[in-house]
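Residue numbers for the sequence shown follow the working numbering, so the first one is 8 and each next one is one higher.
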Amino acid sequence: DRERRWELVVHPIWGRGLLVRLADRTGTHAAEKMRVDFVANASHELRTPLATLLGFIETLEDGKAAENPATRGRFLKIMFGEAKRMQRLVDDLMSLSRIEAEKYSVPQTPVALAPLIEDVRGAFHNGIVENGDRVVVDIAADVPPISGDKVQISQLLHNLIGNALKYGRPGSPVRVTVKPASGNMVKLCVRDEGEGIPAEHIPRLTERFYRVDPGRSRSLGGTGLGLAIVKHIVERHRGRLEIRSEVGRGTLVSVFLPAAIAPQMGALSSKSHA
Ligand code: ADP
Numbered sequence: 008d009r010e011r012r013w014e015l016v017v018h019p020i021w022g023r024g025l026l027v028r029l030a031d032r033t034g035t036h037a038a039e040k041m042r043v044d045f046v047a048n049a050s051h052e053l054r055t056p057l058a059t060l061l062g063f064i065e066t067l068e069d070g071k072a073a074e075n076p077a078t079r080g081r082f083l084k085i086m087f088g089e090a091k092r093m094q095r096l097v098d099d100l101m102s103l104s105r106i107e108a109e110k111y112s113v114p115q116t117p118v119a120l121a122p123l124i125e126d127v128r129g130a131f132h133n134g135i136v137e138n139g140d141r142v143v144v145d146i147a148a149d150v151p152p153i154s155g156d157k158v159q160i161s162q163l164l165h166n167l168i169g170n171a172l173k174y175g176r177p178g179s180p181v182r183v184t185v186k187p188a189s190g191n192m193v194k195l196c197v198r199d200e201g202e203g204i205p206a207e208h209i210p211r212l213t214e215r216f217y218r219v220d221p222g223r224s225r226s227l228g229g230t231g232l233g234l235a236i237v238k239h240i241v242e243r244h245r246g247r248l249e250i251r252s253e254v255g256r257g258t259l260v261s262v263f264l265p266a267a268i269a270p271q272m273g274a275l276s277s278k279s280h281a
């Protein structure tokens, strides 16, 4: 879909006639199309739960359904679920635009990953997904803190661990490892034993609203923005993201983030960590 776009640009030159130039507008056109698609997708994602909510409100207003406590309870539960879906979507949209707005300021606070991983693991015990205890953490003793934005790194961990729990086989472990990597980086890996991702989808996973199976993602409470947010956070930190997967076996997401403190001469070279 990278069709080339050309535009004729005419410059009048005083007393000398016209200069006609052929300009390549492929890039601007693609960016504009992406923006239009994004707004259309976001509106569509919000419109569906909104329509469901309005439908249930109308039915409840009718009277009969509201008088029956069991029906009313069931309706309210569905309405709550739809409102929650809208809330998750709006939260993710806001995060995305905030991260994008800050993309030129590189965050530089030292952040230790271990307590953040513990917090995120704890959050999955609080009713969202009842299986945070599937998360097995292994942090190398000599790993330095990373240089970054604590709130955004928490969000990155939440999205990656959340995906591994959602798409991992029920009850299977989710392994989170952190170790030093070459080039004064820290390597964070999140590995699941799940359904995996067919190779042709992998390059597109970080696009907004791109999902391998939209129905399945929605039923698991996904917004389709999780990995787009992760990609933006990694870019803002001047890091790198790698996704590897094998269908039927599982997925490995690796994130390389800059270490906060330059290691002492020789501290890293004595062991090969990469
Ligand atoms: P979602 O909210 O749909 O989970 P994401 O942006 O986090 O959105 O992920 C995009 C898509 O990538 C998901 O819908 C899913 O198809 C796929 N995906 C992400 N992580 C995994 C994983 N660990 N295992 C299998 N598929 C995954």
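Cβ coordinates follow ideal geometry from the N, Cα and C atoms, glycine included. This one's a predicted model, so the numbers in the text were calculated from it and none came from an experiment.
For residue i, three-class secondary structure by DSSP
i	result
residue 206	helix
residue 278	Unreliable placement is indicated for residue 278, whose pLDDT of 49 sits below 50; no coordinate value is reported for it.
residue 55	helix
residue 182	strand
residue 267	coil
residue 113	coil
residue 219	coil
residue 200	coil
residue 243	helix
residue 229	coil
residue 261	strand
residue 195	strand
residue 65	helix
residue 79	helix
Best match in the options for proximity to residue i [C-alpha to C-alpha]
i	options	result
residue 161	127, 60, 245, 49	127
residue 90	71, 63, 74, 116	63
residue 205	139, 191, 198, 220	220
residue 120	97, 146, 140, 17	146
residue 149	257, 186, 107	186
residue 82	100, 60, 96	60
residue 214	254, 103, 164	103
residue 253	44, 45, 202	202
residue 168	189, 197, 190, 144	197
residue 12	36, 26, 25	36
residue 97	52, 259, 200, 235	52
Continuous beta strand (DSSP E) stretch holding residue i: start and end
i	result
residue 18	13 to 20
residue 31	24 to 31
Proximity test, residue i beta-carbon vs ligand 1 heavy atom, cut-off 7 Å
i	result
residue 217	yes
residue 111	no
residue 201	yes
residue 248	no
residue 164	no
residue 224	yes
residue 204	yes
residue 138	no
residue 235	yes
residue 31	no
residue 220	yes
residue 24	no
residue 48	no
residue 229	yes
residue 121	no
Residue i - containing alpha helix (DSSP H), residue span
i	result
residue 146	Element bounds for residue 146: not the alpha helix (DSSP H) but the beta strand (DSSP E), 142 to 146.
residue 189	Run containing residue 189: none; DSSP gives neither H nor E here.
residue 169	157 to 174
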